[in-house]
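Trainee: Note that the protein sequences, when read in sequence, are chains A and B. Read left to right, the first sequence gives residues 0 to 139 (numbering that gives the first Met the number 0). Read left to right, the second sequence gives residues 0 to 484 (numbering that gives the first Met the number 0). We treat Cβ as the ideally placed atom computed from N, Cα and C, and that holds for glycine.
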Amino acid sequence: METSDLSRHQMIKGLFAPHTENVAEAAIHRWEQMAAHIILIVGEDGFNSLYARSVHLTQSTFPWLAAGTLSPHTGQRFAELKASLEGQKPAQASEANNLLLLTFTGILATLIGEPLTNRILSSAWGKDASHGTSKETENE
Amino acid sequence: MSKKVTIRSLPSGVPGLDNLLGGGLPEFSFNLIAGTPGSGKTTLAHQIMFSLAKPDYRALFFTVLGEPALKMLRYQQQFQFFDQDKVNNSIRFVNLSAELLEGDFDRVLTRIAAEVQAYAPSLVFVDSFRSVVHSANRGGQSVSDLQRFVQQLGLQMTSWQATTFLIGEYLTPEQESSPIFTVADGILWLAQNVHRNSMVRKMQVVKMRGQAQAPGLHTFRISDAGIQVFPRAIVQPGAATGSETSTGDARVPIGVPGLDEMLGGGLPAGYSLLLVGPSGSGKTILATEFLAEGARRGEPGVIAAFEKSPSQLLNTKLSELVSAGKVGVINTRSLDLSIDETLHDLIEMIKRMRAKRVVIDSLSGFELALAPEFSEDFRGSLYRMVAELTGMGMTILMTSELEDRYTDLRFSPFGSAFLADAIIVQRYVEIAGQFKRAMSVVKVRGSQHSKDIRLFDITDAGIILGETMSGYAGILSGRPTLGPN
Numbered sequence: 000m001e002t003s004d005l006s007r008h009q010m011i012k013g014l015f016a017p018h019t020e021n022v023a024e025a026a027i028h029r030w031e032q033m034a035a036h037i038i039l040i041v042g043e044d045g046f047n048s049l050y051a052r053s054v055h056l057t058q059s060t061f062p063w064l065a066a067g068t069l070s071p072h073t074g075q076r077f078a079e080l081k082a083s084l085e086g087q088k089p090a091q092a093s094e095a096n097n098l099l100l101l102t103f104t105g106i107l108a109t110l111i112g113e114p115l116t117n118r119i120l121s122s123a124w125g126k127d128a129s130h131g132t133s134k135e136t137e138n139e
Numbered sequence: 000m001s002k003k004v005t006i007r008s009l010p011s012g013v014p015g016l017d018n019l020l021g022g023g024l025p026e027f028s029f030n031l032i033a034g035t036p037g038s039g040k041t042t043l044a045h046q047i048m049f050s051l052a053k054p055d056y057r058a059l060f061f062t063v064l065g066e067p068a069l070k071m072l073r074y075q076q077q078f079q080f081f082d083q084d085k086v087n088n089s090i091r092f093v094n095l096s097a098e099l100l101e102g103d104f105d106r107v108l109t110r111i112a113a114e115v116q117a118y119a120p121s122l123v124f125v126d127s128f129r130s131v132v133h134s135a136n137r138g139g140q141s142v143s144d145l146q147r148f149v150q151q152l153g154l155q156m157t158s159w160q161a162t163t164f165l166i167g168e169y170l171t172p173e174q175e176s177s178p179i180f181t182v183a184d185g186i187l188w189l190a191q192n193v194h195r196n197s198m199v200r201k202m203q204v205v206k207m208r209g210q211a212q213a214p215g216l217h218t219f220r221i222s223d224a225g226i227q228v229f230p231r232a233i234v235q236p237g238a239a240t241g242s243e244t245s246t247g248d249a250r251v252p253i254g255v256p257g258l259d260e261m262l263g264g265g266l267p268a269g270y271s272l273l274l275v276g277p278s279g280s281g282k283t284i285l286a287t288e289f290l291a292e293g294a295r296r297g298e299p300g301v302i303a304a305f306e307k308s309p310s311q312l313l314n315t316k317l318s319e320l321v322s323a324g325k326v327g328v329i330n331t332r333s334l335d336l337s338i339d340e341t342l343h344d345l346i347e348m349i350k351r352m353r354a355k356r357v358v359i360d361s362l363s364g365f366e367l368a369l370a371p372e373f374s375e376d377f378r379g380s381l382y383r384m385v386a387e388l389t390g391m392g393m394t395i396l397m398t399s400e401l402e403d404r405y406t407d408l409r410f411s412p413f414g415s416a417f418l419a420d421a422i423i424v425q426r427y428v429e430i431a432g433q434f435k436r437a438m439s440v441v442k443v444r445g446s447q448h449s450k451d452i453r454l455f456d457i458t459d460a461g462i463i464l465g466e467t468m469s470g471y472a473g474i475l476s477g478r479p480t481l482g483p484n
C-alpha cells in the first residue's frame, strides 16, 4: 500500500514541479485530463460530488479557493478554480493545487483503492505522469 | 453441401453456470440478467466479464444511474475475480447518466454505438437497464419507443459482434410483458427466496436460444470467490435407483462378520442402504465399519456427517480413517444448505478421492441442516440425490434415526424407505431385565437375504452379531417372550 501511495504523490509532484510559470493554466489542463477519465467511469455527478468535498477539505488550509461548484460546460468546468489560482502567487497557487489534487485523488483512493486510482490517473495523464514513477506501479 | 453455422460457446467463468446454460454463453448473443435487488446481478456480470475479458477480447461496461459507479467499483473489488490489471487494458467502464437524464433513447443509443465503435469490445454490459426503462416513463416515451430501442441495440450489438448483457431489476418474470424479454436470446433470472428467516439464492435460465438449458430453479451461493451455482440434480434417463445401475453380481461387503451373510453375501454394488434405528443403537458405528471395510479393500469412502461438527469427529476409528486419507468428510455448513449444494460437494469429493462408498449420517441431521424451504421437498430431493449417486456407481449407506415404536413397524420418518434398495433395522428389546440391541435385514431388492432377527453387541472391536432370536416371539413389541418350544 505504501509504494502505491507514494506513486500517486510522486505522480502529482512530477507533473507540476518544473512549472513555476502559468501555474493556473497547467493545473487546469491536468484537471481537465483527469476529469475526462473519471467522468467517463463515474459520471458527471459522481465527479462533482468528489470535487466539492475535496475543495471543502482544502479550503481549511487555503480559504481563498473558490467554492466547489463546477460549470457544466466542458472546457469551462474549472473556470472558478482557474480564477482562484490566478489570483495567487505562483508558489502559493501551486501548493494549493497540489493539495487539492492530493485530497481529490485521496478520496477516490479510499473509495476504490490506490491501485485502481493510480491506474486511472496514469491513463489520464499518460506518459507525463508515469515518467519516473513506473517502477513503483509495477512493483505493486 | 449445406454447412450449418457453428455458434461458439463462451465459458462463463462462473462455477456451475455453464451446466445450467447447456454448455456456455453463445457468442454474439443478446442476454438479460434480471432479478430482484440484491440478488447478485452485477456480481454475476462482473464475474463473467473479468473471466472472459482479455486484451484481444475486450469488454465495455456501461453504468446507468442505478448503483453509483464509484460504489460498484468499491464493492466489486472485494471479490477475488476482480482483477485490477484488466481495468483499462481489457475492461472499460463508461457512465451513461448524462445521456439518460435527457430521457432520450436515441442519445443513449448513439453514445453506446460510438463507444462500441471506438473500443471494439467483444463483450458489452449495460447496468442497469431498468433505469433506462424508468426514464422512458418519465421522459414520456412510449413502450413502442423502448421496444424499438431494445431491438436497435440488440441488432447493433450483434452486428458489432459483441456478446451483450443487459442487467435489470425485475420483481417476477411474469410481471413484465417487457419487450426486452422477447428480444433477448438468453434470460438469466436471479432471486432470493426468504422462507422462515432463512434466505436461499436461486437462479433460473428462463430462456437460452439454441441450447438445451437445465430447466428449473438452481441454488447458488455468493462468497469471496464470487458466485457458485449448484445445478439441481435431475434424474438422467438411465440413472435410476436400484438394480439397473448395479454392476451385475458384484457385492460390497459391510465388514461385520455375519451381517454380510444376512444380506446374501454383502450389499449389491450400486445399492442404497437405509439403516434405521433409535438413538444410540449403533448406526454410526455400523457406518464406520462400512467405510473401514472399504478402506481395507482399497475403496475410498466419503461421509457427509450431519450429526457432529467436523472438529469433534464421530469416533476414533473414523478419525483415523479420515486422517489416513481413506475417507473424506463433507463439511456441512449448517442450517441453510440446499440438497444440491451437498450433492455438489459430495460429487467433488467422490471424484477427487475416487470413492466407491458414500455414507450420509444421518438423514434426520441432513434435513435439519437444510434451509427450511428445502425441508418441504426433502423426499423428492433425496430421491434425485440417491439416483445421481447410485448412477455414478456409488454404494450408499444412509442412516435414519427413528424412535422405537412397539405398536407399529416403521422404517423411516420421511417415507423415504421406498427409495432405498436395502433396509436394515436396529432396535432395542428387553430381555431378562436388560436392554439388548437387535438387528434385522428387512429388504434387499432382487436378492435373497436372511429373515433372522439377531442380537448384537457393540464392543471396542466393532459390532459383534449374536444369536438368532429364533426362540422368541413378540420381538417387535419390544418385550419378546420365549415361545413354547
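Would you list the residues sitting across from Ser439 (chain B) in a DSSP beta bridge?
Mentor: B:Val424, B:Ile452, per the DSSP bridge assignment.
Trainee: Is Ser122 (chain A) close to chain B, meaning its C-beta is less than 9 Å from at least one C-beta of that chain?
Mentor: Yes, contact with chain B.
Trainee: Considering only residues of the same chain and omitting the five flanking positions on each side of Asp17 (chain B), which have a CB-CB separation below 7 Å?
Mentor: Result list for Asp17 (chain B): Pro10, Ser11, Gly23, in chain order.
Trainee: Taking all protein chains shown into account, do 16 or more other C-beta atoms lie within 10 angstroms of the C-beta of Ile452 (chain B), making it buried, or fewer, making it exposed?
Mentor: Flag for Ile452 (chain B) reads buried.
Trainee: Compute the distance between the beta-carbons of Val204 (chain B) and Gly21 (chain B), then report whether it is under 9 Å.
Mentor: Yes; because the gap between Cβ atoms is below 9 Å, this pair is in contact.
Trainee: To the nearest angstrom, how far is the alpha carbon of Gly237 (chain B) from that of Leu285 (chain B)?
Mentor: For Gly237 (chain B), the predicted structure reports a pLDDT of 46, less than 50, and the residue's modelled location is therefore unreliable. A value from the coordinates is still provided. Near 31 Å, if we compare the C-alpha coordinates of Leu285 (chain B) and Gly237 (chain B).
Trainee: Compute the distance between the beta-carbons of Gly297 (chain B) and Arg356 (chain B), then report whether it is under 9 Å.
Mentor: Their beta carbons are not under 9 Å apart, which means Gly297 (chain B) does not touch Arg356 (chain B) by this criterion.
Trainee: Touching or not, the stretch 68-75 of chain B and the stretch 115-122 of chain B, by the rule of three or more beta carbon pairs under 8 Å?
Mentor: Short answer: they don't touch.
Trainee: Determine the DSSP secondary structure at Phe49 (chain B), reduced to helix, strand or coil.
Mentor: Note: Phe49 (chain B) maps to helix in three-state DSSP.
Trainee: Which chain A residues are close to Val86 (chain B), counting only those with a beta carbon under 7 Å from its beta carbon?
Mentor: In chain order: Leu115, Arg118.
Trainee: Who are the neighbours of Leu69 (chain B) on chain A, taking C-beta pairs under 7 Å?
Mentor: The contacting residues are Val41, Gly45, Leu110, Ile111.
Trainee: Quick one: does Arg7 (chain A) have its CB under 9 Å from some CB of chain B?
Mentor: Not an interface residue.
Trainee: For the beta strand (DSSP E) holding Thr162 (chain B), just list the boundary residues, first then last.
Mentor: 162-168 is the extent of the beta strand (DSSP E) around Thr162 (chain B).
Trainee: Could you work out which residue in B:Ser38, B:Leu51, B:Ala112 is closest to Glu26 (chain B) when comparing CA atoms only?
Mentor: Comparing Cα positions, the closest option is B:Leu51.
Trainee: Could you pull out every residue in the same chain whose Cβ sits closer than 8 Å to the Cβ of Gly167 (chain B), ignoring the five residues on either side in sequence?
Mentor: Hits under 8 Å: Leu31, Ile32, Ala33, Lys40, Ser127, Phe128, Arg129, Val132, Ile179.
Trainee: Consult DSSP for Thr57 (chain A) and reduce its assignment to one of helix, strand or coil.
Mentor: The answer is helix: DSSP assigns Thr57 (chain A) an H, G or I state.
Trainee: Hey, which unbroken runs of the alpha helix (DSSP H) at 4 residues or more fall wholly within the stretch 257-297 of chain B?
Mentor: Those alpha helix (DSSP H) runs which fall completely within the stretch 257-297 of chain B and span 4+ residues are 258-261, 282-295.
Trainee: Using a Cβ-Cβ distance cut-off of 9 Å, determine whether Ile6 (chain B) contacts chain A.
Mentor: Chain A contact via Cβ: absent.
Trainee: Taking the C-alpha atoms as reference points, what is the distance between Ser89 (chain B) and Phe289 (chain B)?
Mentor: One C-alpha to the other measures close to 53 Å.
Trainee: Tell me, which residues are paired with Trp188 (chain B) by DSSP?
Mentor: Paired residue(s): B:Ala33, B:Gln203.
Trainee: How is Asp44 (chain A) classed by DSSP in three states: helix, strand or coil?
Mentor: It is helical.
Trainee: I'd like to confirm something about Ser158 (chain B): is its beta-carbon nearer than 8 Å to some heavy atom of the ligand ATP, or not?
Mentor: Ligands in the displayed structure: none, and consequently the ligand ATP is not present.
Trainee: To the nearest angstrom, report how far apart Trp30 (chain A) and Gln83 (chain B) are at their CA atoms.
Mentor: Going by the C-alpha atoms only, they are around 23 Å apart.
Trainee: Can the beta-carbon of Ala268 (chain B) be found less than 9 Å from the beta-carbon of Thr181 (chain B)?
Mentor: Cβ distance not < 9 Å, so Ala268 (chain B) and Thr181 (chain B) don't count as in contact.
Trainee: Exposed or buried, Ile11 (chain A), counting other C-beta atoms within 10 Å across all chains shown (16 or more means buried)?
Mentor: It counts as buried.
Trainee: What first and last residue would you give for the beta strand (DSSP E) that runs through Met352 (chain B)?
Mentor: That residue, Met352 (chain B), is in no beta strand (DSSP E); its alpha helix (DSSP H) goes 338-352.
Trainee: I want to see whether chain B comes within less than 9 Å of Ile56 (chain A), judged by CB atoms only; does it?
Mentor: The sequence as given places Leu at residue 56 (chain A); Ile does not occur at that position. No - not a single Cβ of chain B is within 9 Å of the one on Leu56 (chain A).
Trainee: Does DSSP put Leu99 (chain B) in a helix, in a strand, or in coil?
Mentor: Helix at Leu99 (chain B).
Trainee: Could you pull out every residue in the same chain whose Cβ sits closer than 8 Å to the Cβ of Arg231 (chain B), ignoring the five residues on either side in sequence?
Mentor: Closer than 8 Å at Cβ, skipping near neighbours: Ala213, Gly215, Leu216, His217, Thr218, Asp339, Arg383.
Trainee: Is it buried or exposed, Val193 (chain B), if we count other Cβ atoms within 10 angstroms and call 16 or more buried?
Mentor: Exposed, by the Cβ-count rule.
Trainee: My guess is that Asn87 (chain B) and Arg7 (chain A) are in contact by the Cβ rule of under 8 Å, so how many angstroms apart are they, rounded?
Mentor: In fact, because the Cβ distance is near 16 Å, the residues do not count as touching under 8 Å.
Trainee: Could you check where the beta strand (DSSP E) with Met397 (chain B) kicks off and where it finishes?
Mentor: Taken as a continuous stretch (DSSP letters only), the beta strand (DSSP E) holding Met397 (chain B) covers 394-400.
Trainee: From the DSSP output, in three-state form, read off Thr218 (chain B) for me.
Mentor: DSSP places Thr218 (chain B) in strand when its eight states are reduced to three.
Trainee: Applying the criterion that 16 or more other CB atoms from any shown protein chain within 10 Å of the CB defines a buried residue, is Gly15 (chain B) buried or exposed?
Mentor: Gly15 (chain B) comes out buried.
Trainee: Would a C-beta distance cut-off of 9 Å place Gln282 (chain B) and Leu274 (chain B) closer than the cut-off?
Mentor: Reading off the sequence, residue 282 (chain B) comes out as Lys, not Gln. In this structure, Leu274 (chain B) lies closer than 9 Å to Lys282 (chain B) by Cβ.
Trainee: Taking the Cβ atom as the reference point for each residue, do Phe103 (chain A) and Ser53 (chain A) lie within a distance shorter than 9 Å?
Mentor: For Phe103 (chain A) and Ser53 (chain A), yes; Cβs fall inside 9 Å.
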